[in-house]
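A.B. asks:
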Amino acid sequence: METIKEGDWILIRFKDKRYLKRVEADKNFSYKGGILYFKDIIGKPYGIRVGDLLIFKPTLEEIILYGIKRETQIIYPKDTFYIAKKLNLEEGKIFLEFGTGSGAATMVFSSCLGKSGKIYTFESQERIFKVAKRNLEKFGYTHNVVMFNKPFDPKEVEDISFDAAFVDVREPYPYVEQVWKVLKPSAPVGFLLPTANQVQELLKHLSPYFGDIEILEILTRYYKVNPERFRPEDTMVGHTAYLLFAKKISM
Ligand code: SAM
Numbered sequence: 009m010e011t012i013k014e015g016d017w018i019l020i021r022f023k024d025k026r027y028l029k030r031v032e033a034d035k036n037f038s039y040k041g042g043i044l045y046f047k048d049i050i051g052k053p054y055g056i057r058v059g060d061l062l063i064f065k066p067t068l069e070e071i072i073l074y075g076i077k078r079e080t081q082i083i084y085p086k087d088t089f090y091i092a093k094k095l096n097l098e099e100g101k102i103f104l105e106f107g108t109g110s111g112a113a114t115m116v117f118s119s120c121l122g123k124s125g126k127i128y129t130f131e132s133q134e135r136i137f138k139v140a141k142r143n144l145e146k147f148g149y150t151h152n153v154v155m156f157n158k159p160f161d162p163k164e165v166e167d168i169s170f171d172a173a174f175v176d177v178r179e180p181y182p183y184v185e186q187v188w189k190v191l192k193p194s195a196p197v198g199f200l201l202p203t204a205n206q207v208q209e210l211l212k213h214l215s216p217y218f219g220d221i222e223i224l225e226i227l228t229r230y231y232k233v234n235p236e237r238f239r240p241e242d243t244m245v246g247h248t249a250y251l252l253f254a255k256k257i258s259m
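Counting from 1 along the sequence shown, just add 8 to a position and that's the residue number in our numbering.
1. Assuming the contact rule is C-beta atoms closer than 8 angstroms, residue 154 and residue 189 should be a hit. Round their C-beta distance to whole Å, please.
2. Residue ranges of each alpha helix (DSSP H) run of no fewer than 4 residues wholly in the region 122-194, ordered along the chain?
3. Residue 92: beta carbon under 7 angstroms from a heavy atom of ligand 1?
4. Only counting the same chain, and skipping five residues up and downstream in sequence, which positions put a Cβ closer than 6 angstroms to that of residue 79?
5. When DSSP builds the beta bridges, which residues end up paired with residue 197?
6. Are residue 248 and residue 84 close, meaning C-beta to C-beta below 8 angstroms?
7. Say yes only if the C-beta of residue 85 is nearer than 7 angstroms to one or more non-hydrogen atoms of ligand 1, and no if none qualify.
8. Nearest-angstrom Cα distance between residue 184 and residue 26?
9. Starting from residue 36, follow its DSSP beta bridges and name the residues at the other end.
10. Is residue 238 helix, strand or coil by DSSP?
11. In chain order, what residues of the same chain lie with their CB nearer than 6 angstroms to the CB of residue 258, ignoring the 5 residues before and after it?
12. In the DSSP output, what is residue 53 paired with across the bridge?
13. Kindly indicate which three-state DSSP category residue 116 falls into: helix, strand or coil?
14. Is residue 118 near ligand 1, going by C-beta to nearest heavy atom under 7 angstroms?
15. Can you tell me whether residue 142 sits near ligand 1, meaning its C-beta is under 7 angstroms from at least one heavy atom of the ligand?
16. Spatial neighbours of residue 88 within its chain, please: C-beta separation below 6 angstroms, excluding the five flanking residues on both sides.
17. In whole angstroms, what separates the C-alpha of residue 16 from that of residue 40?
18. Cβ-heavy atom distance between residue 109 and ligand 1 below 7 angstroms?
19. Could you tell me which residues DSSP puts in a beta bridge with residue 222?
20. Since residue 104 and residue 198 are thought to touch, with beta carbons under 8 angstroms apart, how far apart are those beta carbons, to the nearest angstrom?
21. Does the beta-carbon distance from residue 149 to residue 118 come in below 8 angstroms?
22. Decide if residue 246 is buried, meaning its Cβ has at least 16 other Cβ atoms within 10 Å, or exposed.
Put into structure tokens, the structure is as follows:
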């Protein structure tokens with residue numbers, strides 16, 4: 009059975025709050041109900057109750073939501089989990105991404121590609137690039153990631169035929185043909201666009217390079233965990249972004 013070790017990340021649940029913490033024997037977690045000394049849980053299994061607290065092994069979703077440093081708007085797991093499967097990401101696939109931003113999406117993509125896959129990701133701003141690099145290192149998502157600190161430059165990857173690509177930059181329009189060139193025939197591409205006018209503009213640039221276009225957004229509605237008063241939460245996130253998917257047409 010896997011037990012909690014020094015240096016592990018743990019997810020602490022206290023009432024309706026969640027905290028992601030690193031276990032260090034000489035540190036503790038202090039909360040309104042008391043103090044959890046990490047030395048007391050080293051060697052114990054995950055999924056335990058300690059007083060008012062529940063201690064779990066964090067999922068990738070929790071690492072992204074509660075663990076990474078955000079230097080940019082990140083793509084939420086509700087979107088990236090869908091994007092990853094929509095783009096058919098799996099062990100061994102070779103994948104292109106820009107911009108890396110804080111690396112939240114990169115972590116999800118990396119987790120799908122396994123040891124034999126690879127993701128090539130570009131971030132134009134040095135300050136943001138450094139944050140993404142640190143986030144990926146901190147949570148162990150560097151083994152299949154090649155990072156570039158520059159605007160997407162097809163020359164850096166011209167010898168590669170990509171299985172899929174994902175673009176999350178404010179102005180993706182000038183890159184449509186360049187992305188098309190580095191993709192395998194029929195390969196899928198995804199774009200994330202926060203506003204409707206960006207979607208409209210991108211649609212004008214996709215032809216004749218891409219077809220089978222789909223545009224959607226993902227709404228999630230959370231529910232109160234109460235068997236007597238089971239009903240939706242009072243508030244919800246109304247909009248994160250539009251997702252546009254298409255496939256390469258060979259010419
Ligand atoms: N997907 C990221 C995440 O989940 O953390 C967030 C990406 S953020 C919204 C957009 C990023 O694209 C910014 O960090 C910006 O600096 C970068 N960017 C803008 N134009 C770019 C380009 N041409 N090439 C590479 N990165 C670019």
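C-beta: ideal position from N, C-alpha, C; glycine also. Only a predicted model underlies this, so the values are computations on that prediction, with no experimental measurement involved.
C.D. replies: In this structure, then:
1. No, residue 154 and residue 189 are not in contact; Cβ-Cβ is about 19 angstroms, not under 8 angstroms.
2. The qualifying runs are 134-146 and 184-190.
3. Checking the Cβ of residue 92 against ligand 1 gives no.
4. Excluding sequence positions up to five before and after residue 79, its CB lies within less than 6 angstroms of the CB of 110, 136 and 139, all in the same chain and listed in chain order.
5. For residue 197, the beta-bridge partners assigned by DSSP are 173 and 254.
6. Yes.
7. Every heavy atom of ligand 1 is 7 angstroms or more from the Cβ of residue 85, so no.
8. Take the alpha-carbon of residue 184 and the one of residue 26: they are about 40 angstroms apart.
9. Partner(s): 45.
10. Note: residue 238 maps to coil in three-state DSSP.
11. If we look at residue 258 and ignore the five residues flanking it on each side, its Cβ neighbours are 193.
12. Residue 53 pairs with 11.
13. In the three-state DSSP reduction, residue 116 falls in the helix class (H, G or I).
14. Every heavy atom of ligand 1 is 7 angstroms or more from the Cβ of residue 118, so no.
15. When distances are taken from the beta-carbon of residue 142 to the heavy atoms of ligand 1, even the shortest one reaches 7 angstroms or more.
16. The residues 113 and 116, in chain order, have a CB closer than 6 angstroms to that of residue 88 in the same chain once the five nearest residues on each side in sequence are set aside.
17. One C-alpha to the other measures close to 23 angstroms.
18. Within 7 angstroms of the C-beta of residue 109 there is at least one heavy atom belonging to ligand 1.
19. Listed as beta-bridge partners of residue 222 by DSSP are 253.
20. Not confirmed; about 11 angstroms, so no contact.
21. Taking 8 angstroms as the Cβ cut-off, residue 149 and residue 118 qualify as a contacting pair.
22. Sixteen is the threshold: since fewer than 16 other Cβ atoms of the shown chains lie within 10 Å of the Cβ of residue 246, the residue is exposed.
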